[in-house]
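This report refers to the structure that appears directly beneath it.
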Amino acid sequence: MKKRWPITILYRAFSSSTTSTTASFPLKHVKKSNFDSALSSLRHHVQAADFVAIDLEMTGITSAPWRDSFEFDRFDVRYLKVKDSAEKFAVIQFGVSPFRWDPLKQSFITHPHNFFIFQRQELPLDGAAYEFLCQTTSMDFLAKYQFDFNACIHEGVSYLSREQEDKALKHVNSTYEDESLDSWHSLKEIRDTHLFNIPDILFAERMKDRLSEWLGGLLRNRDGGSEVQPSFNDSKQQFETIFFKMRPAISLNGFTSHQLLLIQLVVRKHFKDLAYLRVSGENSCSQNVIVYIESESDKKMLMKEVKDEQKIDAEMSIKASIGFRHVIDLLSSEKKLIVGHNCFLDIAHIYSKFFGPLPLTAEEFISSVNKYFPHIIDTKILLNSNSILQQRMKKSSTSLSKAFSVLCPQIALGSKSTHLALQPSVKVEVEVDDIRSSNWNSGVKHEAGYDAFMTGCVFAQACSHLGIDFKQQSSSENLAHNEKLREHVNLLYLSWTNGEIINLSTGNRTSESLASNKRKNHYPKILFECIVIVWGFPSHLKAWDIRECISKVYGPTSVISVYHVDETAVFVQFSRAEMVSKFLDLKGSLDRNNDPISVLHPLAKLLEGGNTCAASYETYKEICSSTVSKVLFADQAKAVGIKWKTKLVESSDKTKEHESLRKVKAVNSDPSCGERTKNKNFDDHPCSFNGSRRTNTNLPIELLSEIFEELTDCENISHRAAVCMSFMASCHQNFLPSTFISSSISFLHCSHNHHQNLALSSNVQTHKHHQMFLPQLKESRCASTSYDGWLLTLPFDRKQNLYLSNPFARDRIKLGTAQALRVVTSISPLDPKCVVLDIHK
Amino acid sequence: MVPKFKPSPLRIRSFCTKTVQQNPHHWPIKQITKTNFNESLSEIKNHISSSDFIAVSLQNTGSFSSPWHRVSTFDTPETAYLKAKFAAERFQILQFAICPFKLQASKVIAYPYNFHLFPRDELKMGMPSYSFTCQTSYLTAMAKEGFDFNTCIYDGISYLSEAQESTVKVRMGNPMAVDHATKSSSSPALSVADTVFIERVRSRVKHWKNACTDSDIKTEALVTSLRKIVLGGEQFGSRPSMTIDVCSERQVQLVLKMLEDFSDVLVPLIIPAKGGGTQAVRAVLTSSDEDKHLLKRELQTFEFEQNKRVRGFREVIDLISASQKPIVAHNSLNDFTFIHSKFLAPLPPNMNEFICSLRLAFPQVIDVNYLLKDIGPVKKMTNISATIAYLKNRFFAPIEMEIPNQANENEGKIHGHNVVKICQLFGKLCSILKITPDAIESSDDFLASAINRYANIFYSLPGSSQEPTNEEIRGWTNDKRKVSCEDVVFLWGFRERISAGILKNMLQGSHEVFAEAFNVRMVDRSCAIVVFGKPGLSNTFKNVMNSKEVSGPLREMVSDGLKAAGYETYQRVCSSGLWESALADALDKALASHNCLSEAAYETKQSEIYLSNELINLAEL
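Given below as structure tokens:
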């Protein structure tokens, strides 16, 4: 199956405008039965072609949800994911559509082939069984498009990769060359066997008699007349006189394996001029013969003859099971321009199925792909990277069916409507089994042959838009060397999700550079050394909780984003790389200690349950490279054999830490820092107001009351809103005057940034957060809030005035300059009972 | 080779008027897909409840990937289970044949059904399975039998396991009626916040209720609709309802308690949150007591219908489980690990837990292979047809198969013959072992005790009739001697494609421990097991292999890469899931991770415990 965007438009042909009676799209379906003839005709078509479009249908894309492609995939991780997909899933359909420019007809002629392929275990190689993975949703998707699974499994063309072929040939060579002439396996073993019981001895005697009788007759015959020995061909046809390699022989039928063993023993023991052989007969069942030999050298000759024949047979059967790989070999040897649509995964599949195991690194993979296919063009990149084409596409999506309908409407609609004729278009005719047609109904999408045809049409049309004139193009010139195409050749999307492009000829990686990028979420460049992967945490924790948890320790700007890999794992992206090691160190020490301090630590929430693991991005890569695929990431990590809970990275020394602390302050006032978090619904958590790293998250209620009693310092009380939610909730429920509770809105935190007049408010009763823009916050920051919506704004410039503002009532009370003044109000300042506390230094 | 039981005396065949099919290819087995599943359910239910036994047989997409993944004679029950577990978790069941049957004298009356399954993700939640593995050889074999993969994938019945169903229920967020269990009996002490909260909600509910019931006053349509918007009323089916948001379980309790005051007309429903817990409480207004009961019934049927849709094929499994009838299977370990993992819950980590968990659902499972062992040593019992033929040659125990099913004759291929063969084989065995025939009528107790002897043995050593203990394994098939795990050593690192005989020859002269009797057997191409006849020699050998004193030809072999490990390493391979394609690689990995553990032993307490456990196990073996 191919991962594409959902198809929204289904075209139905306007049959009224067509004159021909072609009912459906002409497509050559190739199965086991017609493979050989199809291959020879395809050979001619590919040789004559200007380019060959391909498409694959697979049994799945991702072996586990967390193996899906993410923004957080570094290119090597991305390759590992593609590698995993290509290794695990099977290709069940392969579309090949060679396109040739016909100068007489002024159109392209294409021969779309749709191969059903299914790898069977045809060779008797021991070892692992052939198996492949099926993704349930993909199978369902294929079923929705009426994929014929029977055709694939019953009649699909099998194949052998180059590596499998080599291995099989080597195996054949070693079996027929290593062993010396008389070392027939079974013989060696029976040497130690002795005749123990009476029945065996009697049977052996009888066989000895019969064989010598036969031998005697044979010799008599040679000397005398040529009469047949009827006496010998009876006895249930167990002994049948035949000629084996021009020598008289007996074929043994209907004996048990034990009896055959005994016969073998008798022959070895008593008959010098007889040789026992086990040969494979015509229909692969083995045949046991006793051959008359004239001399020792004759025996050697016979053995050699038999062995050579068997070896040739074995090699023939290997050659015969190459099957569909002949098509790939053809594409590779012809060095034609290969056209695919978003085809990095396709190429990986081709490599692993038909060449050999995928290399461990992307670099190696790219260089070997380039050897086999020197020119590849990806139409998806072509459409996205060229401004002319983007204009043509009218900024619509670049999925294959969409591109096809936009760029080639006259083909997609299956008619030659006149209003479309204005658009310069490349004509395409389809030829199947020597019948040409340019009128057809639309084909079945997600049938590899038709998809390959669409890809080819899109490419031909795109070339014409780029100004490539096929009429001028001489047939000898390779399209891949056309200067208008040169900059697009061999570029593939490594990952469509983050627009990373890889150049197959140079190995360079670039990000999609075009300004008119249509991608909605454009993330800033991700620094992978700032990323920690955390898994196995309590399942009720969501990204926001984890962010809050870590922010409480390292401050509100420490975490840039928290991204769910799946329900059991998250990426935490820190603002600086040093925090990764600090976080892991801290977590490691908390894991080891079980004292009250670590229980009360803000991170304890994350570590609850004792299964939380954390490691750097490199571990994520390591886990991705495993061949195991568990559905949940946490299970995967366990299956990979990770027994530790925290993988430490080299920690930085203290002085460096201080330096970085200073740095973080600089970063905070940096406007770009605010930009980074703009996409999020909420801003950072407020605990940094206290300057303390530790907050009292889940303290028992008795303890809380005591703590609250100790909080005599009015500044501390004023910062109550900045304490974590649970603390706040319990303290004002239990200890504060009830009037506080009646109001439902309070400000949690306001951004302390010059340019961002944003505040985060919280509804205490619903625990919902709202982000608000507050003009009152201009040039100032929120110092304190009261529970009924009033907040104290503190100017950055101390000479400016302090205000009490109510954003709901748009009210403002001036309090004087901020120099040496701290203010806190008890309730709404409009209330006559309001107490304003004013502390002078 | 002398049978323990004499063949049963000749019986006069009863005349049967019904069609008796003896040719397996004409057995009318009802084929069931999504289209005829629902209509067949009640029929199946009747057959199950009237049957004595239920035979099951599965057609999977694969069994073992590498030769050594196959359950073999050198496996303990534990490692055998781990191997079966590995297969059950990866492969998929495509056909599930069940056959409720009755035994009457020498007649088996069977109602076979063959279900075509496909794990379709009906709810788009990645269930029942995200992906599954197929072995090409299995698919090719099925294709040869004329299996229709299109029918299977387009029209197969989906299912959810019990465990999956409960997570789905939460995730679908369907309203649940409040049963008394969820109401906490103790009234919690109310804080100020609680009081405020309750009063606010109460007044909202009161206003809304009054507005809804105020039908006397003729108000304008606009006013009514405006009021609806203001009061946040919704419709639940045809009844007005109101959603009360809550943010803690405590508030749920408070709201429920408050709503009790309105219990004459209001029915509270709980809306679960996606991640578990409660999202809101919904109050539905009913017009009368009658209407209230009606609503409750509606909710029940809605839930019932939905559950049925979600469960799919598991409905049948539930029927079988509910009937508590003995289940007859061939190769039960394999089949029931599949059944457990697909229809009950993920497989537990060890055999004991598995058996306990399985017994809850299926109290009696009888493996025909195990019955066979009582008859005498039968080699290679993997093929049912061959076993039936073997019994036919040795015993006179004619079994008539009667299949009254009306098969859908217009359909092409009939699959699922195995399940009928299992019935037949079971019938034969019972008649040979004289367990059942007339016992059914005479005394159920006798039958029960007779059957009980054979029930729930999932893995046993060939040729032994006692349940095996974990420490004993069998050397190989034609050697009846039991071998302690302690005397087994795994050897690898020799050149590939070596035969056991050659390896034995090589070992014989290499060291004095091989002067005593020992045996060599290949596990796969890369690895062999050596069984020492004399206890203690294996340890000597392992010590020699690891010491510097290794000398002579053995030293030569070790220099060439020969390695050895005890049975515990093999157990670790299985339990930590190192399912490499070559056993040698797996053993190497297990040794490497073990070594790295012992080096890092001081780092964490956990691994220390792990290590000392290992030592204890070693001493006990």
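These protein sequence lines are chains A and B, in that order.
For the first sequence, the positions run 1 to 841 when our numbering is used.
For the second sequence, the positions run 842 to 1462 when our numbering is used.
Quick reminder that beta carbons are idealized off the backbone N, C-alpha and C, glycines included.
#1: What residues are listed by DSSP as bridge partners for Q900/B?
#2: Would you report the Cα separation of V1046/B and D1105/B, rounded to the nearest angstrom?
#3: Tell me, which residues are paired with F243/A by DSSP?
#4: For K967/B, go through chain A and note every residue whose CB falls closer than 9 Å to its CB, in chain order.
#5: Closer than 7 Å, Cβ to Cβ, to anything on chain A: give me those residues from the region 981 to 994 of chain B, in chain order.
#6: Report the three-state DSSP secondary structure of D76/A (helix, strand or coil).
#7: What's the gap between the Cα of L1001/B and the Cα of D635/A?
#8: Alpha carbon to alpha carbon, how far is Y803/A from L792/A?
#9: Please identify the residue among L56/A, L527/A, V172/A, S138/A whose C-alpha is closest to the C-alpha of F116/A.
#10: For Y292/A, which beta-bridge partners are listed by DSSP?
#11: Does any residue of chain A have a CB that is nearer than 7 Å to the CB of F1335/B?
#12: Roughly how many angstroms separate the alpha carbons of E1241/B and P941/B, rounded to a whole number?
#13: Identify the contact partners of R961/B in chain A, using a Cβ-Cβ distance below 8 Å as the criterion.
#14: Using a Cβ cut-off of 7 Å (strictly closer), state whether E165/A contacts chain B.
#15: Tell me, which residues are paired with R1123/B by DSSP?
#16: State yes or no: is the beta carbon of Q1005/B nearer than 7 Å to at least one beta carbon in chain A?
#17: Looking at the unbroken beta strand (DSSP E) that takes in Y372/A, where does it start and where does it end?
#18: Would you mind telling me which residues of chain A sit closer than 9 Å to T974/B, beta carbon to beta carbon, in chain order?
#19: Check whether the Cβ atoms of F365/A and P359/A lie closer than 7 Å to each other.
#20: Rounding to the nearest angstrom, what Cα-Cα distance links G588/A and K582/A in this structure?
#21: Using a Cβ cut-off of 7 Å, which residues of the region 887 to 906 of chain B contact any Cβ in chain A, in chain order?
#22: Is V1125/B closer than 7 Å to R1080/B when the C-beta atoms are compared?
#23: Between which two residues does the beta strand (DSSP E) carrying K1404/B extend?
#24: When you compare only the Cα positions, how much space is there between L1419/B and G536/A?
#25: Contact defined as beta carbons within less than 8 Å: I believe Q267/A pairs with V279/A. What is the distance between those atoms, to the nearest angstrom?
#26: Going along the chain, which residues of its own chain have a beta-carbon closer than 6 Å to the beta-carbon of E118/A, five neighbours each way excluded?
#27: May I have a chain-ordered list of the beta strand (DSSP E) segments no shorter than 3 residues that lie completely inside the region 480 to 556 of chain A?
#28: Return the bridge partner residues of D948/B from the DSSP annotation.
#29: Chain A partners of S978/B, CB-CB under 9 Å?
#30: List, in order along the chain, the chain A residues whose C-beta lies closer than 8 Å to that of G1418/B?
#31: Just to confirm, are G340/A and S972/B a CB contact at a threshold of 7 Å?
#32: Could you pull out every residue in the same chain whose Cβ sits closer than 8 Å to the Cβ of A543/A, ignoring the five residues on either side in sequence?
#33: If you draw a straight line from the alpha carbon of L1302/B to that of Y176/A, how long is it in whole angstroms?
#34: From L1463/B to V897/B, what does the alpha carbon distance come to, in whole angstroms?
#35: With a 10 Å radius around its C-beta and 16 neighbouring C-beta atoms as the bar for buried, classify P953/B as buried or exposed.
#36: Quick check on the DSSP output: the beta strand (DSSP E) that includes Q872/B runs from which residue to which?
With the given structure in hand:
#1: Residue pairing for Q900/B: DSSP places it in a beta bridge opposite Q936/B.
#2: V1046/B and D1105/B have their C-alpha atoms spaced approximately 14 Å apart.
#3: DSSP, once it has assigned bridges, lists P248/A as partnering F243/A.
#4: In the sequence as presented, Lys is not what sits at residue 967/B; that position holds Gly. In chain order: P65, T136, T137, V631.
#5: So the list reads T981, A984, D989, F990, N991, I994, given in the order they occur along the chain.
#6: Looking at D76/A - three-state DSSP - the assignment turns out to be helix.
#7: Each residue's alpha carbon lies about 20 Å from the other.
#8: Take the alpha-carbon of Y803/A and the one of L792/A: they are about 6 Å apart.
#9: If we check each option's Cα against that of F116/A, L56/A comes out closest.
#10: Answer is L274/A, bridged to Y292/A.
#11: Not an interface residue.
#12: Each residue's alpha carbon lies about 16 Å from the other.
#13: Residues of chain A whose Cβ lies closer than 8 Å to the Cβ of R961/B are, in chain order, T136, D140.
#14: Contact with chain B is absent for E165/A, since none of that chain's Cβ atoms lies less than 7 Å from the residue's Cβ.
#15: T1084/B, L1110/B, per the DSSP bridge assignment.
#16: Residue contact check for Q1005/B against chain A: no CB pair falls below 7 Å.
#17: Per DSSP, Y372/A lies in no beta strand (DSSP E) segment; the continuous alpha helix (DSSP H) that holds it begins and ends at 362 to 372.
#18: For T974/B, the C-beta contacts it makes with chain A under 9 Å involve K88, E131, F132, L133, C134, in order along the chain.
#19: A contact, by the Cβ cut-off of 7 Å.
#20: Each residue's Cα considered, the two are about 10 Å apart.
#21: For the region 887 to 906 of chain B, which is checked against every Cβ of chain A, the residues closer than 7 Å are G903, S906.
#22: Yes; because the gap between Cβ atoms is below 7 Å, this pair is in contact.
#23: Start and end: 1404 to 1407.
#24: L1419/B and G536/A have their C-alpha atoms spaced approximately 22 Å apart.
#25: Note on identity: in this sequence residue 267/A is Val, with Gln being the wrong assignment. The C-beta distance from V267/A to V279/A rounds to 15 Å, too long to fall under 8 Å, and the pair is not in contact.
#26: Reading off the sequence, residue 118/A comes out as Phe, not Glu. Excluding positions up to five away in sequence, the list reads C152, I153, G156.
#27: Counting whole runs of 3 or more residues, the region 480 to 556 of chain A contains the beta strand (DSSP E) stretches 491 to 495, 500 to 503, 509 to 511, 531 to 535.
#28: According to the sequence shown, residue 948/B is Lys rather than Asp. Paired residue(s): Q945/B, E1241/B.
#29: Those within 9 Å of S978/B in chain A are R120, Q121, A129, Y130, E131.
#30: Within chain A, the residues near G1418/B are V628, A639.
#31: In this structure, G340/A sits away from S972/B, with a CB-CB distance that is not shorter than 7 Å.
#32: Sequence-distant Cβ neighbours of A543/A in its own chain, meaning closer than 8 Å and more than five residues away, are V562, Y563, H564, V570.
#33: Confidence is the limiting factor: at L1302/B the pLDDT is only 43, short of 50, which leaves the residue's position unreliable and the question unanswerable from this model.
#34: Here chain B covers residues 842 to 1462 and nothing more, so residue 1463/B does not appear.
#35: It counts as buried.
#36: First-last of the beta strand (DSSP E) with Q872/B: 871 to 873.
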